[in-house]
Amino acid sequence: MASQVLVAANRGPLSYSLADDGTLDTRRGGGGLVSGLSAALAEQPEAVWICAALSDADREAVRRGVSEPGVRMLDIDPAVYDDAYNGIANSVLWFTHHHLYDIPREPAFDAEFRRLWESYGAYNRAFAEALAEEAGEGASVLVQDYHLALVPGMLRVLRPDLRISHFTHTPWASPDSLRILPQYVVEELSWGMLGADLLGFHTEEWAAAFLGAMELDDAWGLARVHGTRVEHRRYSIWPQRSTEVRVFGLGVDGEELRALAHRPQVDEKLAALRAEVGDLKTIVRVDRTELSKNILRGLLAYRELLATRPEWVGEVVHLASAYPSRQDLAVYRSYTEAVAELAAEINTEFGTKDWTPVLVSVEDDFARSLAAYRLADVALVNPVRDGMNLVAKEIPVVSERGVALVLSTGAGAFGELGDDALTVNPFDVTQTAQALHLALTMPRSERTERTKRLAAAATALPPARWFRAQLEALRDL
Numbered sequence: 012m013a014s015q016v017l018v019a020a021n022r023g024p025l026s027y028s029l030a031d032d033g034t035l036d037t038r039r040g041g042g043g044l045v046s047g048l049s050a051a052l053a054e055q056p057e058a059v060w061i062c063a064a065l066s067d068a069d070r071e072a073v074r075r076g077v078s079e080p081g082v083r084m085l086d087i088d089p090a091v092y093d094d095a096y097n098g099i100a101n102s103v104l105w106f107t108h109h110h111l112y113d114i115p116r117e118p119a120f121d122a123e124f125r126r127l128w129e130s131y132g133a134y135n136r137a138f139a140e141a142l143a144e145e146a147g148e149g150a151s152v153l154v155q156d157y158h159l160a161l162v163p164g165m166l167r168v169l170r171p172d173l174r175i176s177h178f179t180h181t182p183w184a185s186p187d188s189l190r191i192l193p194q195y196v197v198e199e200l201s202w203g204m205l206g207a208d209l210l211g212f213h214t215e216e217w218a219a220a221f222l223g224a225m226e227l228d229d230a231w232g233l234a235r236v237h238g239t240r241v242e243h244r245r246y247s248i249w250p251q252r253s254t255e256v257r258v259f260g261l262g263v264d265g266e267e268l269r270a271l272a273h274r275p276q277v278d279e280k281l282a283a284l285r286a287e288v289g290d291l292k293t294i295v296r297v298d299r300t301e302l303s304k305n306i307l308r309g310l311l312a313y314r315e316l317l318a319t320r321p322e323w324v325g326e327v328v329h330l331a332s333a334y335p336s337r338q339d340l341a342v343y344r345s346y347t348e349a350v351a352e353l354a355a356e357i358n359t360e361f362g363t364k365d366w367t368p369v370l371v372s373v374e375d376d377f378a379r380s381l382a383a384y385r386l387a388d389v390a391l392v393n394p395v396r397d398g399m400n401l402v403a404k405e406i407p408v409v410s411e412r413g414v415a416l417v418l419s420t421g422a423g424a425f426g427e428l429g430d431d432a433l434t435v436n437p438f439d440v441t442q443t444a445q446a447l448h449l450a451l452t453m454p455r456s457e458r459t460e461r462t463k464r465l466a467a468a469a470t471a472l473p474p475a476r477w478f479r480a481q482l483e484a485l486r487d488l
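Numbering (my numbering), first residue to last: 12 to 488.
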């Protein structure tokens, strides 16, 4: 039966594992986007989620015709998928939107890049064709993230009757950063995004960056911006159409998060951490070892805190959860190694037989992260550039003792949480060290009041309401 609500995302709400006897087991998919959308779609039981098969077991499930209600996995050729996901989405679009390029050395857009870009187009086309097949007349289609930036345009050609939105969970590149890309890439990205009726971003800053990029396109005769609407030009297949750009700042479900944070397995992790930490003050961070998360400068700031404020030597511990991310890419493997090496250097420089300054966890252990949230005196969230950063919102919600949040201006959450956080420039190590000292010495009463306000802001638009707001906005256009 054709669906009236469809979601498209690279990662699905479930994955498969293949046992030695050939049987397939189902497990819930991982990642913040999956968790948020799964909660939101619980209110849309007839919805269909289109996603890619990510593993050999996933692809085997597709070949056997194994499926779960409301989920359609796409068996995209693994080589094409790798080209699109690692070669373009994570190595080019992510770097562009997060301003991460080492400009004297990269990028270089050669013949190999053009081949990868063709794979990115094929990957997006597979999603567009599947959505066109599954969607009922006039259905609402909500496409997720930079992996699928071309889907709205492709789907618009196939099914002009559909209501289409696209939500970008990352920042959007500044016009100057976007100019780094070949002109044909910018044109195709614009063409793809402007196939949507509605474009969503986490913050006003990222929405303004997109609109600024469309004004850049206007110099090439592609689009014209009127306030928050982008008028299409040179697209005869889309006569008299425009795209609305809006902000939907994703929050957290406070009730669900608090329930998760008080499960028995989290209590066990918390008891173990308390036994390890004792009465010491705690500075907590939880991140993937993603280049934009700025873990290295955070560690440098902690080292400077210990060097310039010797009163904290032996009195504080830095609980750093650094989950390995994108280890298929050499630059991420190198970064993950650098994080471990710097933590070891700090422990060697300042540690004693009775005190380890930095406790690093490299396991993807959500229960331990929730336990650290509950224990935190200080939360350090200092990305150089981040679409939202839900960690900054999660910690105040589950904090037991009140938490002082050290937050960089590069976090998307800064716009909502900045008034009650200690603000830092993500590149300023000394300022960050000073902020950590202020956070550690903040009076308990002030910390408690700030935490209440942070938690209220963090839960203002939880996933189900966030999704519903976009769906309603799309249907009202």
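Where a beta carbon is used, it is the ideal one built from N, C-alpha and C, also for glycine. Here the structure is a predicted model, which is why all the values come from computation and not from measurement.
- For I294, the uninterrupted beta strand (DSSP E) segment begins and ends at K292 to R299.
- In this structure, the beta-carbon distance from Y131 to A90 does not fall below 7 Å.
- By the criterion of at least three beta-carbon pairs nearer than 8 Å, the region 325 to 338 is not in contact with the region 409 to 425.
- In this structure, the CA atom of S253 is about 44 Å from the CA atom of E460.
- In the three-state reduction of the DSSP assignment, A471 falls in the coil class, being assigned neither a helical nor a strand state.
- The C-beta distance from L227 to L472 rounds to 30 Å, too long to fall under 8 Å, and the pair is not in contact.
- Contact annotation: the region 169 to 189 touches the region 106 to 122, with at least three C-beta pairs closer than 8 Å.
- Under the three-state reduction of DSSP output, A63 falls in the strand class.
- Taking a 10 Å sphere around the C-beta of T34, we find fewer than 16 other C-beta atoms and assign the residue as exposed.
- Residue pairing from DSSP places V16 in a beta bridge opposite S151.
- The C-alpha of S14 lies about 19 Å from the C-alpha of L25.
- With respect to L353, A444 sits apart: the two C-beta atoms are not nearer than 7 Å.
- In the three-state reduction of the DSSP assignment, R170 falls in the coil class.
- G81: not part of any alpha helix (DSSP H); DSSP gives it neither H nor E.
- Apart from sequence neighbours up to five positions away, the residues of its chain that approach N97 with a beta-carbon distance below 8 Å are R337, D339 and L340, ordered along the chain.
- Contact check for Q481 against S188 fails: the beta carbons are separated by 7 Å or more.
- Within the same chain, and ignoring the five residues on either side of A450 in sequence, the residues whose Cβ sits closer than 7 Å to its Cβ are V389, A415, V417 and L433.
- The beta-bridge partner set that DSSP reports for H243 consists of A234.
- Looking at the DSSP output, Y27 shares a beta bridge with T37.
- DSSP places W183 in the coil class of the three-state scheme, outside both helix and strand.
- Within the region 267 to 349, the runs of beta strand (DSSP E) that reach at least 3 residues and sit entirely inside it are, in chain order, 292 to 299 and 327 to 334.
- Rounded to the nearest angstrom, the Cβ distance from V392 to V402 is 6 Å, consistent with a contact under 8 Å.
- Here the C-alpha atom of L159 lies approximately 16 Å from the C-alpha atom of L169.
- Counting along the chain, F212 sits inside the beta strand (DSSP E) bounded by residues L209 to F212.
- Across the structure, G309 and R296 are spaced so that their CA atoms are roughly 9 Å apart.
- E301 and G149 have their C-alpha atoms some 39 Å from each other.
- Closest in alpha carbon position to P394, among A218, D156 and D298, is D298.
- Residue burial annotation: D156 is buried, with at least 16 other C-beta atoms found within 10 angstroms of its C-beta.
- In the DSSP assignment, R125 falls within the alpha helix (DSSP H) that extends over A122 to E145.
- In this structure, DSSP gives V395 a state outside helix and strand, which the three-state scheme calls coil.
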